Amino acid sequence: MDIPQIHSESDGVVGTMGEIHLAAGKHVAMRQWREDPGGFSQSHCRDYETVGFLLRGVIQIELDGGTATIKAGDSWLVPEGAPHRYRVVEPIVAVEATSPPACFGEHDEIDSTSHTKPR
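289 is the number that our numbering gives to position 46 of the sequence shown; each next residue is one higher, with no gaps.
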């Protein structure tokens with residue numbers, strides 16, 4: 244039987260993209276993003292599915308030929324393999340879950356030397 248994980252934000256490991264890795268299981272992982280406004284990220288595809296919830300701020304996402312504006316209280320889904328990109332319009336705090344876990348294998352690398360949250 245797996246031992247339940249309980250993590251505080253300060254326990255999170257910072258990944259190579261600035262995300263804070265929170266709890267992770269065999270089939271799903273959760274991470275937090277805190278970002279300031281900027282231009283669109285490069286378009287990319289991931290080999291995992293992502294669902295997110297925006298706690299604060301505004302972002303735009305380009306996905307499937309369209310652009311959507313996501314505001315605090317909204318959620319989103321990016322299917323596995325879907326080309327997409329984000330732009331932070333107002334400073335954000337967001338939580339995402341990825342399946343399979345983005346923090347394992349070669350999905351997204353974690354900077355194991357950094358154990359502090361960005362900003």
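Backbone N, C-alpha and C define an ideal beta-carbon position, used for all residues, glycine too. Everything numeric in this text was worked out from a predicted model, so none of it was measured.
Per-residue DSSP class, three states only, for residue i
i: Glu283; result: With the sequence shown as reference, residue 283 is identified as Phe, and Glu is not the correct amino acid for it. Looking at Phe283 - three-state DSSP - the assignment turns out to be coil, as it is neither helix nor strand.
i: Glu278; result: strand
i: His270; result: coil
i: Gly300; result: strand
i: Arg330; result: strand
Contact belief for residue i with residue j at Cβ below 8 Å, rounded distance in angstroms
i: Gln285; j: Arg328; result: 6 Å
i: Gly295; j: Val257; result: Actually they are not in contact, since the Cβ atoms of Gly295 and Val257 sit about 18 Å apart, beyond 8 Å.
i: Pro280; j: Val331; result: 5 Å
i: Gly316; j: Leu297; result: 7 Å
i: Gly234; j: Pro326; result: The shown model of the chain, from 244 to 362, leaves out residue 234, and the question about it has no answer.
Sequence-distant residues of the same chain with beta carbon closer than 8 Å to residue i, five excluded per side
i: Gly324; result: Cys288, Arg289, Asp290
i: Pro344; result: Ala267, Gly268, Lys269, His270, Val271, Ala272, Tyr291, His350
Per DSSP, the bridge partner or partners of residue i
i: Val256; result: His264
i: Glu339; result: Arg274, Gly295
i: Ala311; result: Ile304
Own chain partners of residue i with C-beta closer than 7 Å, once the 5 adjacent residues on each side are dropped
i: Ser342; result: His270, Val271, Tyr291, Glu292
i: Thr312; result: Val301, Gln303
Cutoff 6 Å; reference residue i; Cβ partners in own chain excluding five residues on either side
i: Val243; result: Within the shown structure, residues of the chain are numbered from 244 to 362, placing residue 243 beyond reach of any answer.
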